[in-house]
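Residue numbers (the numbering used here): 6 to 241.
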């Protein structure tokens with residue numbers, strides 16, 4: 006059975022991805038910052054013997070190294086960097102700390118650490134596991150707001166952190182090509198989750214099923230691209 010490692014699996018998209026891969030017979034390594042706080046993840050752990058839960062705060066790079074040591078020599082077909090943070094919301098929360106003139110630079114650094122630096126750390130720590138697998142894929146969930154072409158201002162910290170994550174996946178497509186590793190950045194669409202909100206137009210089961218189909222079809226020739234969940238390419 007192939008293996009997927011999914012970060013941020015306690016809720017939302019990560020939880021749905023863990024559910025779908027486990028239901029399809031995959032071995033799933035589901036990580037979350039506080040897995041005991043997610044009743045749904047605990048239920049998946051009981052339901053699927055092939056799913057294993059690990060506590061992991063991706064902003065703690067020493068913890069990533071510890072997880073890598075635990076998983077030493079275990080092939081990982083897909084590393085799915087899903088964990089991410091949005092940061093303060095000027096409109097919804099009346100919190101302007103990622104708007105021009107009000108920037109909270111510590112907050113900005115924190116977003117970069119989780120959204121852009123953690124995927125790099127995960128890739129470095131687990132590259133031997135990924136290289137030893139059959140599929141050899143690194144996927145990072147980013148956002149279309151990280152597209153420079155689509156830039157429209159505001160939410161500066163989140164947008165720039167996602168742009169950096171996109172560039173990371175593009176860079177790694179070259180740096181890891183000799184190892185046969187395939188990379189991809191994905192916008193999941195506007196999905197009805199806690200981050201996406203109740204007004205979102207997509208439901209997680211349908212959106213993640215589509216995204217998984219695109220991941221399954223990734224090839225070395227398509228490595229390093231920026232995808233929408235439905236297989237459309239997004240301009241950088």
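No residue lacks a Cβ here, since even glycine has one placed at the ideal position from N, Cα and C.
Note that the structure is predicted; figures quoted are calculated from it, not measured.
Chain-order list of residues whose beta-carbon lies under 8 Å from that of residue i (same chain, five-residue window excluded)
i	result
residue 55	6, 27, 30, 31, 32, 33
For residue i, the first and last residue of its enclosing alpha helix (DSSP H)
i	result
residue 179	161-180
residue 22	17-28
residue 52	44-52
Counted within 10 angstroms of its Cβ, other Cβ atoms place residue i as buried (16 or more) or exposed
i	result
residue 210	exposed
residue 142	buried
residue 208	exposed
residue 153	exposed
residue 110	exposed
residue 124	buried
residue 158	exposed
residue 41	exposed
Spatial neighbours of residue i in its chain, beta-carbon cut-off 6 Å, leaving aside the 5 residues before and after
i	result
residue 250	Residue 250 lies beyond the range of the chain shown here (6 to 241); nothing can be said about it.
residue 113	162
Which of helix, strand or coil DSSP assigns to residue i
i	result
residue 66	helix
residue 253	The question about residue 253 has no answer here: the residues shown for the chain are numbered 6 through 241.
residue 186	coil
residue 76	coil
Nonlocal neighbours in the same chain, by C-beta distance under 7 Å from residue i, ignoring five residues either side
i	result
residue 178	188, 228, 229
residue 223	142, 187, 189
residue 92	103, 112, 116, 162, 163
Limits of the beta strand (DSSP E) - the one that residue i falls within
i	result
residue 9	8-11
residue 209	Per DSSP, residue 209 belongs to no beta strand (DSSP E); it is in the alpha helix (DSSP H), 209-221.
residue 3	Because residue 3 is not part of the residues shown, which for the chain are 6 to 241, the question remains open.
residue 233	230-233
residue 83	83-86
Open item on the list: Ignoring anything shorter than 4 residues, give me the alpha helix (DSSP H) runs that lie fully in the region 118-149, in order along the chain.
Closed with: Entirely contained in the region 118-149, the alpha helix (DSSP H) runs reaching 4 residues are, in chain order, 123-136.
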